[in-house]
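One structure is given here, and the rest of the page talks about it.
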Amino acid sequence: MPRGVLLMETNRIQTPLLLTSYLFEYPSADWWEGVPTHAAAVVDVERPQSREVFEEFFGYIGETERQEFEDAYVRAFDFSQNTNLYLTTHNRTDFGKQSEEMLRYKQLFLDAGYDLERELPDYLPALLELAAAVPERTSLHILHEIQPKLELLRDRLIEAKLPYAFLLDVVLTEASALEGRTA
255 MPRGVLLMET NRIQTPLLLT SYLFEYPSAD WWEGVPTHAA AVVDVERPQS
305 REVFEEFFGY IGETERQEFE DAYVRAFDFS QNTNLYLTTH NRTDFGKQSE
355 EMLRYKQLFL DAGYDLEREL PDYLPALLEL AAAVPERTSL HILHEIQPKL
405 ELLRDRLIEA KLPYAFLLDV VLTEASALEG RTA
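FYI, in the working numbering the residues of the sequence shown are 255 to 437.
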């Protein structure tokens, strides 16, 4: 599955999921090059509240020095066990249960016809991108599977006063709206 690529034809939830996936990715040189393209895609987000979150987050990126933004990202996700982006590591002391959970995430990819070559299956940006690449019912199933972990990570991001918490609010809100459409 290509990483960080916006789909040409999208349903209502695809753009918010892809933008969130992108914004949780490590800010590499390629990532920085993609900022203008992804920021421009915000106009395709249907829900006004979600669109506003993305506009503010891209504004935050634009107002922050590149090195400062990258340092903050590393502190938030690479050096913190509480807020890292590998969902099976949160609240996990039983490695057997962690392995079972990892296999469930791996199966989500395989069931959708994808396999990960460079990422672990519990990596949040990869899961969000997967949920964006599948039909809405399958997307809803994936989002339900990871919802408790998203809520836990969101709470931890709020505690740490990190703006990424608002991005998870978007995902949870969009998932709730999707549930209403597919019910």
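All residues carry an ideal CB built from backbone N, CA and C; glycine is no exception.
Values in this document were obtained by computation on a predicted structure and should not be read as measured data.
DSSP has Tyr340 in a bridge; who is on the other side?
Note: Tyr340 is bridge-paired with Tyr377 in the DSSP secondary-structure output.
From Thr269 to Asp325, what does the alpha carbon distance come to, in whole angstroms?
Going from the Cα of Thr269 to the Cα of Asp325 covers about 27 Å.
With a cut-off of 8 Å, do at least 3 Cβ pairs link the stretch 295 to 303 to the stretch 330 to 342?
When C-beta atoms of the stretch 295 to 303 are compared with those of the stretch 330 to 342, fewer than three pairs fall below 8 Å, so the two segments do not count as touching.
Reference Leu272, options Leu406, Lys415, Ser393, Arg358, closest by Cα:
Distances from the alpha-carbon of Leu272 to those of Leu406, Lys415, Ser393, Arg358 put Ser393 closest.
Proximity of Pro379 and Ser275 at Cβ, strictly below 8 Å
It is a contact, given that the beta carbons lie within the stated cut-off.
Taking its Cβ as the centre, do 16 or more other Cβ atoms sit within 10 Å of Phe333, making it buried, or is it exposed?
Under a 10 Å Cβ-count criterion, Phe333 is classified as exposed, with fewer than 16 other Cβ atoms of the shown protein chains found around its own Cβ.
Gly350 versus Tyr359: straight-line alpha-carbon distance, rounded
About 14 Å.
Contacts around Arg266, its chain only, beta-carbon distance under 6 Å, and the 5 residues preceding and following it disregarded
Non-local C-beta neighbours of Arg266 in its own chain, meaning closer than 6 Å and more than five positions away in sequence, comprise Glu300, ordered along the chain.
Nearest-angstrom Cα separation, counted from Leu426 out to Leu432:
Rounded to whole angstroms, the gap between the alpha carbons of Leu432 and Leu426 is 10 Å.
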